[in-house]
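Report on one structure; see the data block that follows.
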Amino acid sequence: MHKLERLLRPKSIAVFGGVQAAAVVAQSIKMGFAGEIWPVHPTKDEVAGRKAYRSVADLPGAPDAAFVGVNRHLTIEVVKALAERGAGGAVCFAAGFLETEAYDDDGERLQAELVAAAGEMPIIGPNCYGLINYADGALLWPDQHGGIRLEQGGKGVAIITQSSNIAINMTMQKRGLPIAFLMTAGNQAQTGLSEMALGLIEDERVTSLGLHIEAFDSVAGFERLAARARELKKPIIAMKVGRSEQARQATVSHTASLAGSDAASGAFLRRLGIARVDSIPAFIEALKLLHITGPLPGYRLSSMSCSGGEASVMADSAEGRWVNFPVLTEKHRAHVKSTLGPLVAVANPLDYHTFIWNNEPAMTATFTAMVSGGFDLNMLVLDFPRPDRCSVTDWWATLRAFESALKTNKAHGAIVSSLPENLPEEYTAELMARGMVPLFGISEAMDAAQAAAFIGWAWREPQAQPVDTSASGAAGGEHVTPDEAQAKARLITAGLPVPKGERAGNAVEAVISSMALGFPVALKALGVTHKSEVGAVRLNLKDAESVSTAAHDLLPLGTGLYVERMVRDGVAELIVGFTRDPMFGAVMTLGTGGVLVELLRDSVTLMLPATRDDIEAALRGLKLFPLLEGYRGRPKADVQAAIDAIAGIAAFVQMNAGEIEELDINPLIVCAEGKAAWIADALLVLGDNKNV
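Under the UniProt record's numbering, the first residue of the sequence shown is numbered 1, with each subsequent residue one higher.
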């Protein structure tokens, strides 16, 4: 039994406090909670019509769950008494704990005292609204909400948010999403979001899980959650906030600007097979789709509507997404064409015109033919008329035809309204009962389909290894930045592909070194972070005179010179960067490299360890990748050598994770097939007191 079992699914509830506590009692009674409700109040004889008790000691028994709605000091006393009585868990409503540490010296201390008082008893919060169990009618919730109790034997989704107000808003949705459980996480003083989620997905009445995340409580906790969700076939949607990080300070390398904590968070969720969406409407629609269909087997969609305009909007909405509307095969197109008149152009998305509108047999034939194409999700665009001014009678013939087509082909289907308000809530339950997912808004429908398809893909892939968090934790103190010669010496020692090079103290030494290395060479000023920005590098120097001239120009810019054999036959330039993330450890960024790295922003972020398959998939996802494959007759690049180099660099970072703060390989020059990939520039940042 999960440690939150009694708290999440209580048979008895104790309630402490004043106005909020009375609301909890009233809400549970209103929802038809069948268990015991025990208000506790020092002076009142009853609360919301239920007998009140004076203290924890006076209760008839140890409650399964408690709502503690008293001030922060009394909260600690009540929690201690509940723990000693053997209660199943408590929601701590009061604020004034760790969230106030910036302006209240007592907050951190009181939070520590609260955790100590709870001992082994689970607590949720503090500073949170609590829990709504719509499956059993148990509400540890001090405010109004918009949800309804699940029917006996019914199922719904579970939602956890880190915002009580967002939680309330979600209960007020009119989109037909059945909710079984809703929780708020609060400060997560003792019980983190991932542990709450593990408790919820064990319930057989929960079909899928939605998480609104401000911060991850535990990398290992989320890995356990994702693994268990996969075992139970219960998909997870996340809305991770924090894409705009204006407070992020600029750091010394390009990589830090590309692989900030939000990029790392996105990579972590992808690794776990948790789909990420960016808005509350998309969050609701994705949960709804997963509740009915579960993960989709692929990204192939079909669309039907009786409007060319709607067909065009649907086609455009897939642009730039993984989900797509594949072109119909000639055989399939002919099959659909046979059910329509000669004036209808058959395509996907399909505009079937109004010739067959309200002709149920004809629509059934067309829809059945279209759905027979084996698509992963079939969409019917259908906005309902206003019921206060118009009739909806004709629309049900269309719905019945679509339902029949789905059943005949054993296919997944969704009704998509172009405007959210044009799909009335009162129709949603019947549509879902008929196997048609009501999706509100075209963009949101596409977000939902892509999320469901991503989870389907992720679950077919092998489960990823645990993230290497050995380098996690905030960096402190001064950093040491070895110059390029020192950094490359370490990379060479690690067996990584670095062109031969030598340090030079003056122009004469630079010329001698270049002659020993062989022309052409590159010449660089040492001790300069971003050389191209200040003209601190000269490339393709072909003789001693050009080296001497360049050396005199570069010497005033840095602390010395570095002469390096010029890399030839380069096809493309990559950036391979690593930063230390306080939560995830060393995080890798791959992308289009060179001087335009931040302008093009063609990059992907990966957790470590990363397999060769991970690295290849990341490269293939770059806009640059066609260039590596020989775009328009250009030479093909040595992709396998690039993967070898990237994997080697990642292994080097992992082996030295305790000291490396950042590593920026920009560029990694990928040469033509058979000619390898070379580390042309390296910026290494070490923690203080590290040996170079």
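Every residue gets a Cβ at the ideal spot worked out from N, C-alpha and C, and that includes glycine.
Would a C-beta distance cut-off of 8 Å place residue i and residue j closer than the cut-off?
i: residue 131; j: residue 111; result: no
i: residue 576; j: residue 670; result: no
i: residue 198; j: residue 228; result: yes
i: residue 445; j: residue 319; result: no
i: residue 557; j: residue 525; result: yes
i: residue 224; j: residue 89; result: no
i: residue 376; j: residue 301; result: yes
i: residue 125; j: residue 93; result: yes
i: residue 606; j: residue 614; result: yes
If you follow the beta strand (DSSP E) that residue i is part of, which residue opens it and which one closes it?
i: residue 608; result: No beta strand (DSSP E) holds residue 608; DSSP gives it neither H nor E.
i: residue 67; result: 65–69
i: residue 572; result: 570–581
i: residue 488; result: That residue, residue 488, is in no beta strand (DSSP E); its alpha helix (DSSP H) goes 484–493.
i: residue 38; result: 36–40
i: residue 503; result: 501–504
i: residue 378; result: 377–381
Could you check how far apart the C-beta atoms of residue i and residue j are, in whole angstroms? I think they sit under 8 Å.
i: residue 201; j: residue 209; result: 6 Å
i: residue 535; j: residue 559; result: Between residue 559 and residue 535 the Cβ distance is about 16 Å, and since that is not below 8 Å, they are no contact.
i: residue 498; j: residue 679; result: 5 Å
i: residue 295; j: residue 518; result: Between residue 518 and residue 295 the Cβ distance is about 56 Å, and since that is not below 8 Å, they are no contact.
i: residue 304; j: residue 367; result: 7 Å
i: residue 48; j: residue 26; result: 4 Å
i: residue 218; j: residue 242; result: That belief does not hold up - the Cβ atoms of residue 218 and residue 242 are roughly 17 Å apart, past 8 Å.
i: residue 35; j: residue 12; result: 5 Å
i: residue 586; j: residue 653; result: 5 Å
i: residue 544; j: residue 515; result: 6 Å
i: residue 648; j: residue 501; result: Wrong, their Cβ atoms sit about 18 Å apart, outside the cutoff.
i: residue 437; j: residue 414; result: 4 Å
To the nearest angstrom, report how far apart residue i and residue j are at their CA atoms.
i: residue 661; j: residue 537; result: 25 Å
i: residue 276; j: residue 267; result: 10 Å
i: residue 86; j: residue 379; result: 52 Å
i: residue 278; j: residue 173; result: 17 Å
i: residue 239; j: residue 273; result: 14 Å
i: residue 30; j: residue 448; result: 33 Å
i: residue 9; j: residue 164; result: 20 Å
i: residue 339; j: residue 283; result: 37 Å
i: residue 668; j: residue 443; result: 38 Å
i: residue 704; j: residue 533; result: As displayed, the chain neither begins before 1 nor continues past 692, which places residue 704 out of reach and without an answer.
i: residue 483; j: residue 323; result: 46 Å
i: residue 137; j: residue 84; result: 27 Å
i: residue 663; j: residue 579; result: 7 Å
i: residue 308; j: residue 334; result: 19 Å
i: residue 104; j: residue 123; result: 22 Å
i: residue 464; j: residue 451; result: 19 Å
i: residue 687; j: residue 490; result: 15 Å
i: residue 400; j: residue 270; result: 38 Å
i: residue 506; j: residue 555; result: 7 Å
i: residue 58; j: residue 33; result: 22 Å
Under a Cβ-count criterion, where at least 16 other Cβ atoms within 10 Å of its own Cβ denotes burial, should residue i be classed as buried or exposed?
i: residue 419; result: exposed
i: residue 248; result: Note that residue 248 scores 38 on pLDDT, short of 50, meaning its location in the model is unreliable; the coordinates nonetheless yield the value given after this. Exposed, by the Cβ-count rule.
i: residue 288; result: buried
i: residue 314; result: buried
i: residue 128; result: buried
i: residue 256; result: For residue 256, the predicted structure reports a pLDDT of 46, less than 50, and the residue's modelled location is therefore unreliable. A value from the coordinates is still provided. The residue is buried, with at least 16 neighbouring Cβ atoms inside 10 Å.
i: residue 387; result: exposed
i: residue 181; result: buried
i: residue 417; result: buried
i: residue 343; result: exposed
i: residue 552; result: exposed
i: residue 73; result: exposed
i: residue 214; result: exposed
i: residue 253; result: Its pLDDT being 41, under 50, residue 253 is placed unreliably in this model, and the value from its coordinates should be taken loosely. The residue in question, residue 253, is buried, as its Cβ has 16 or more Cβ neighbours within 10 Å.
i: residue 470; result: exposed
i: residue 293; result: buried
i: residue 592; result: buried
i: residue 355; result: exposed
i: residue 394; result: exposed
Just to confirm the assignment, what range does the alpha helix (DSSP H) spanning residue i have?
i: residue 293; result: 280–293
i: residue 336; result: 330–337
i: residue 316; result: 308–317
i: residue 722; result: The requested residue 722 is not part of the displayed model; the chain covers only 1 to 692.
i: residue 473; result: It is not in any alpha helix (DSSP H) - residue 473 carries neither H nor E in the DSSP assignment.
i: residue 193; result: 193–201
i: residue 76; result: 72–85
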